[in-house]
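With the working numbering applied, the sequence shown corresponds to residues 645 to 837, in that order.
All residues carry an ideal CB built from backbone N, CA and C; glycine is no exception.
These notes concern the structure reproduced below.
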Amino acid sequence: MPTLSKRYQFIIGFILIAIMAITRGHHFATLSHLPSATLALFFLAGLYLSGKWMFVVLLAEAALLDYLSMTFAGGSTFCASPAYALLLPAYGMLYLAGQWYKQRYQYTWSTLLPLTASLIVATAISKVFSSGGFYLFSGRYTDQTWVEFGERFIKYYPSSLSSLAFYIAIAMICHVLVVSLANTSTKQSGQHS
Numbered sequence: 645m646p647t648l649s650k651r652y653q654f655i656i657g658f659i660l661i662a663i664m665a666i667t668r669g670h671h672f673a674t675l676s677h678l679p680s681a682t683l684a685l686f687f688l689a690g691l692y693l694s695g696k697w698m699f700v701v702l703l704a705e706a707a708l709l710d711y712l713s714m715t716f717a718g719g720s721t722f723c724a725s726p727a728y729a730l731l732l733p734a735y736g737m738l739y740l741a742g743q744w745y746k747q748r749y750q751y752t753w754s755t756l757l758p759l760t761a762s763l764i765v766a767t768a769i770s771k772v773f774s775s776g777g778f779y780l781f782s783g784r785y786t787d788q789t790w791v792e793f794g795e796r797f798i799k800y801y802p803s804s805l806s807s808l809a810f811y812i813a814i815a816m817i818c819h820v821l822v823v824s825l826a827n828t829s830t831k832q833s834g835q836h837s
């Protein structure tokens, strides 16, 4: 995928920040039951944006939103534990998957295979860090077993993947529309020269 101009990267970055603020854990969203876009946002930041700056910004925003929710909005503190630190590699995995896919992107149907593979694998690894970390290090579970963790993983992984797929599908539609409009504009300007 070609590197986007700084202007377009700024616009995309702003949109990603806004979507996280709207969807992160239903802390402040007025739309009822909107799934969290967090995993998709880290993937999209890795895909569309150059440099690591947006990874840090999104990570800080997620932590700030969680803190504000727990401190001022009456949000649950259930997930606040030493395991929270494992969100760094969990979100990092999605960001790196976005960067990996960026190198393989083509504006063809065949690009869906590496996209799908990167999303499935990165989400699974991310879930191992986030859910596995919470299971092992939160202090909420006694008598931990790999069987129990496996059951929990099987129970919750599909919902993580479906939320991610929902937002990636929306992003794909937007991407196709923007590329199609740009291609149409380029063809029209070429015909007039």
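CB-CB length for residue i against residue j, believed under 8 angstroms
i, j, result
"Phe687", "Leu702", "Actually they do not touch by this definition, with Cβ atoms about 11 angstroms apart."
"Tyr779", "Gln788", "6 angstroms"
"Met645", "Tyr749", "4 angstroms"
C-alpha gap between residue i and residue j, whole angstroms
i, j, result
"Leu629", "Arg651", "The displayed coordinates of the chain run from 645 to 837. Any statement about residue 629 would go beyond what the structure contains."
"Arg668", "Ser806", "16 angstroms"
"Leu759", "Tyr745", "6 angstroms"
"Ile655", "Thr715", "30 angstroms"
"Gly783", "Ile814", "37 angstroms"
"Lys799", "Phe793", "10 angstroms"
"Cys818", "Leu678", "19 angstroms"
"Val823", "Thr752", "12 angstroms"
"Ala729", "Lys696", "18 angstroms"
"Leu693", "Ile659", "12 angstroms"
"Glu795", "Ala761", "23 angstroms"
"Leu821", "Leu712", "36 angstroms"
"Val700", "Ile661", "11 angstroms"
"Val791", "Phe797", "10 angstroms"
"Leu740", "Leu825", "29 angstroms"
"Gln832", "Phe781", "59 angstroms"
"Leu708", "Gln747", "31 angstroms"
"Ser829", "Ser754", "25 angstroms"
"Leu648", "Asn827", "15 angstroms"
Residue i classed as buried or exposed, judged by whether at least 16 other C-beta atoms fall within 10 angstroms
i, result
"Phe773", "buried"
"Gly736", "buried"
"Ser680", "buried"
Residue from the options whose Cα sits closest to the Cα of residue i
i, options, result
"Leu732", "Val791, Lys771, Trp753, Thr715", "Lys771"
"Gly838", "Gly690, Pro646, Thr715", "Limits of the chain in this structure are 645 at one end and 837 at the other, which puts residue 838 out of reach."
"Pro726", "Gly776, Ile663, Ser694", "Gly776"
"Ile666", "Asp710, Leu821, Leu693", "Asp710"
"Leu763", "Thr752, Gly742, Tyr751", "Gly742"
"Ala809", "Asn827, Trp790, Val765", "Val765"
"Ile812", "Leu756, Met698, Phe699", "Leu756"
Residues near residue i in its chain [Cβ-Cβ closer than 7 angstroms; skip 5 each side]
i, result
"Arg804", "What sits at residue 804 in the sequence shown is Ser, not Arg. If we look at Ser804 and ignore the five residues flanking it on each side, its Cβ neighbours are Leu683, Thr767, Lys771."
"Tyr785", "Tyr779"
"Ile769", "Met737"
Own chain partners of residue i with C-beta closer than 8 angstroms, once the 5 adjacent residues on each side are dropped
i, result
"Ala706", "Met664, Arg668, Thr682, Leu731, Tyr735"
Same chain, Cβ closer than 6 angstroms to residue i, neighbours up to 5 away in sequence not counted
i, result
"Met698", "Gly657, Ala689"
"Gln653", "Leu693"
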